[in-house]
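Before any comments, here is the structure.
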Amino acid sequence: MPAADKSNFRLDINALRAFAVLAVIAYHFDILGFPGGFVGVDVFFVISGFLITSQIQQSLIEGRFSFANFFTSRLRRIVPALAVMCFVILIFGWFYVLPSEYISHTKTAFQALFFGSNYAFGKTEGGGGYFDAVQTSVSPFLHTWSLSIEGQFYLILPFVWVLIYKLWNKRQEHLVFALLVIALTYFAYDTTQHTEQSFYSLPVRAWEFLVGASLVVLPVSL
4 MPAADKSNFR LDINALRAFA VLAVIAYHFD ILGFPGGFVG VDVFFVISGF LITSQIQQSL
64 IEGRFSFANF FTSRLRRIVP ALAVMCFVIL IFGWFYVLPS EYISHTKTAF QALFFGSNYA
124 FGKTEGGGGY FDAVQTSVSP FLHTWSLSIE GQFYLILPFV WVLIYKLWNK RQEHLVFALL
184 VIALTYFAYD TTQHTEQSFY SLPVRAWEFL VGASLVVLPV SL
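The numbers in the sequence shown follow the working numbering, run straight up by one, and end at 225.
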């Protein structure tokens, strides 16, 4: 089990983040050469799995991990900016959209603030899937689906990782690898059964976070 802190500033990871952001933006603006730019979101999930797991792992090693501190730091980092964005969109929407649409947008804004918009979009946009929704959806909150998945991951990971650390401290990599295999199996199954809705599902996306988490317990220095 590596004891080095892998959560410090990393130029390589931040460069990868920047490229992922640009790829997603290029995809949404139909810039030539980025037809697969949407995978930037997948890259973000892997990076999040690595960074957040690194922080928890190092805190556990040093004996200073606190659920309260972890959740407080995550909420402080995400919610203020998310709330401002939702507020600004709703202010503009008051003047520019129909009343029925405004009610729908308000509901979606609250779902986004409580990290549930991914499942809401999975139901409302499921008929054509995300890629059709990008072209046809009138919701200005469609992009919050990925942040909702991140929020759900932040809610679950600390409990799972503390349990792994406490009970399987010497065999973390074996258990994480087993979880990764299970997650990949579920991904392969669910995407053949519920293709459109699967895009927005945390369980289907879990393997991406686990890829990042597995890098934390690899017996090599990254």
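Glycine included, every Cβ here is placed at the ideal spot set by N, Cα and C.
Sub-8 Å separation of G52 and L213 beta-carbons: G52 places its beta carbon less than 8 Å from that of L213.
Proximity winner among A86, F156 and R77, relative to E211 (alpha-carbon distances): Nearest option by C-alpha distance: F156.
Length of the line joining the Cα atoms of G96 and F144: Answer to the nearest angstrom: the Cα atoms are 12 Å apart.
Residues of its chain near N121, where Cβ-Cβ distance is below 6 Å and the 5 sequence neighbours each way are ignored: The beta carbon of N121 is closer than 6 Å to those of W148, S151, I152 and Y203 in its chain, skipping five residues each way along the sequence.
Nearest-angstrom Cβ-Cβ length linking W164 and T56, presumed shorter than 8 Å: Approximately 6 Å separates the beta-carbon atoms of W164 and T56; this is inside 8 Å, confirming the contact.
G43 CB to nearest heavy atom of the ligand ATP below 7 Å: Of ligands this structure carries none, so the ligand ATP is not represented either.
Inter-residue CB distance, G154 and V49 (contact presumed, cutoff 8 Å): The pair is not a contact, with the Cβ atoms about 17 Å apart (cut-off 8 Å).
Test item: CB-CB of Y189 and P206 under 8 Å: Yes, these two residues count as a Cβ contact at 8 Å.
Own chain, CB closer than 6 Å to F68, minus 5 neighbours either side, in chain order: So the qualifying residues of the chain are S62.
Coarse secondary structure for H146, derived from DSSP in three states: Judged by DSSP in its simplified three-state form, H146 adopts coil rather than helix or strand.
Cβ-based burial, A181 [other Cβ within 10 Å; buried from 16]: A181 should be labelled exposed.
L14 classed as buried or exposed, judged by whether at least 16 other C-beta atoms fall within 10 angstroms: Within a 10 Å sphere around the beta-carbon of L14 sit fewer than 16 other beta-carbons, which makes this residue exposed.
A186 to Q60 span [Cα, whole Å]: Cα atoms of A186 and Q60: separation of roughly 21 Å, rounded to the nearest angstrom.
Local conformation of H197 per DSSP, three classes: Look at H197 here: in three-state DSSP terms it is coil, with no helix or strand label.
Whole-Å CB distance - L221 paired with E176, under 8 Å assumed: 7 Å between Cβ atoms; contact.
Spatial distance of L19 from L166 (CA atoms): Their Cα atoms are separated by approximately 30 Å.
For Q114 and S107, the rounded distance between their alpha carbons: Going from the Cα of S107 to the Cα of Q114 covers about 11 Å.
Classification of A23 by the beta-carbon crowding that lies within 10 angstroms, buried from 16 upward: Label assigned to A23: buried.
Test item: CB-CB of L85 and T109 under 8 Å: Contact flag unset, no.
Uninterrupted alpha helix (DSSP H) stretches inside the stretch 98 to 123 (no shorter than 4 residues): Correct list: 102 to 116.
Burial state of P83, where buried means 16 or more other Cβ atoms lie within 10 Å: P83 is exposed by the Cβ-count criterion.
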